[in-house]
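In our numbering, the protein residues as written are 58 to 406.
Here a beta-carbon is modelled for each residue, glycine too, at the ideal position from N, C-alpha and C.
The structure appears below as structure tokens.
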Ligand code: PEP
Ligand code: MN
């Protein structure tokens, strides 16, 4: 918030407010207007940072020498999400025979690749191919959020079982989308390593609270109609539960006049890395919706400083249950992409 004092407020007056703010654990940066000939005409303003609460604003406004209290909308209120000086790495344990995966912090680029929707025939081969090509995690949806109730909704529990069986063989931790608070126990039962919150549930606050409570790594996607401020406030629901394992994921937004499935929001990588210390992922498949755009948009994101890329792959896209049109199926091409993405991240650090 910003506090503006009446012209004529004395240093003692302002000190009363400032000591109150410090008592509340807030940080105060006083500023003064252009030098006036008469000190009495000086304008004084305090910029206040920290977890400002509604009652703080109300109490400050009651002091007679305070002219106005201006809330700063859009700045994340919770310090947990604001950049703390160094980038935070989230560790995803790998008890399946490989090394633990760190995303963010000083770690290299992490690629999460796999099927859009889990099927019983191709998921194994697709996830093996992703690993062969250099992926660090496998992604796969067992519960699919579909615009139409007539569309395939995912294999649900059977899908989670397939995912965990395939994981045992492939050896990479898995990322899978959870749609409903009622499924948290199921996701724990199959030990889903990273809980994905999809764009459509970005403001399902109850779900954010429940996944937050699990302490599991959470890949939180930006709602396709959410501002960055709303995105960060949603993320704070997870972190407010004491869950430090939050990963932010951009995936394009609704827009006009763009030629892709969604309007890319690559430039927000910069914003997020300035405002927060969280790992940042870009979903190149759902943002573009075009397999022939994935490589170059991935190059841009990697060079732009993301910590991770998400990409759809399927060994037989025409048999994919969802989103086959955007799935990569050529292992050699995928290997080249992943190799180059990782290099690009290194040389642009
Ligand atoms: C997905 O990753 O499978 C998905 C549905 O993504 P989004 O929520 O970004 O549309
Ligand atoms: Mn999809």
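The continuous alpha helix (DSSP H) containing residue 290 extends over residues 285-296. Secondary structure at residue 401: helix, using DSSP grouped into helix, strand and coil. Looking from the CA of residue 233, the closest CA among 191, 244, 374 belongs to 244. Each residue's CA atom was taken as its position, placing residue 294 and residue 146 some 19 Å apart. When 273, 356, 366 are compared, the shortest CA-CA separation from residue 306 is found for 366.
By the criterion of at least three beta-carbon pairs nearer than 8 Å, the segment 389-401 is in contact with the segment 156-168. Here residue 207 is exposed. Its C-beta has fewer than 16 other C-beta atoms within 10 Å.
In this structure, residue 343 has its CB closer than 7 Å to one or more heavy atoms of the ligand MN. The DSSP-derived three-state label of residue 205 is coil. Remark: C-beta atoms of residue 105 and residue 138 do not approach each other more closely than 8 Å. Following the DSSP letters along the chain, one finds residue 87 inside the beta strand (DSSP E) bounded by residues 84-89.
By DSSP's assignment, residue 278 forms a beta bridge with 306.
The three-state secondary structure of residue 73, taken from DSSP, is helix. Under the criterion of beta carbons closer than 8 Å, residue 339 and residue 363 qualify as touching, at roughly 5 Å.
Between residue 129 and residue 102, the CB-CB gap reaches or exceeds 8 Å.
Per DSSP, residue 359 is one residue of the alpha helix (DSSP H) stretching across 348-360. In the DSSP assignment, residue 377 is bridged to no other residue. Of the heavy atoms belonging to the ligand PEP, at least one sits nearer than 7 Å to the Cβ of residue 234.
Of 256, 169, 117, the smallest CA-CA separation from residue 394 is found for 169.
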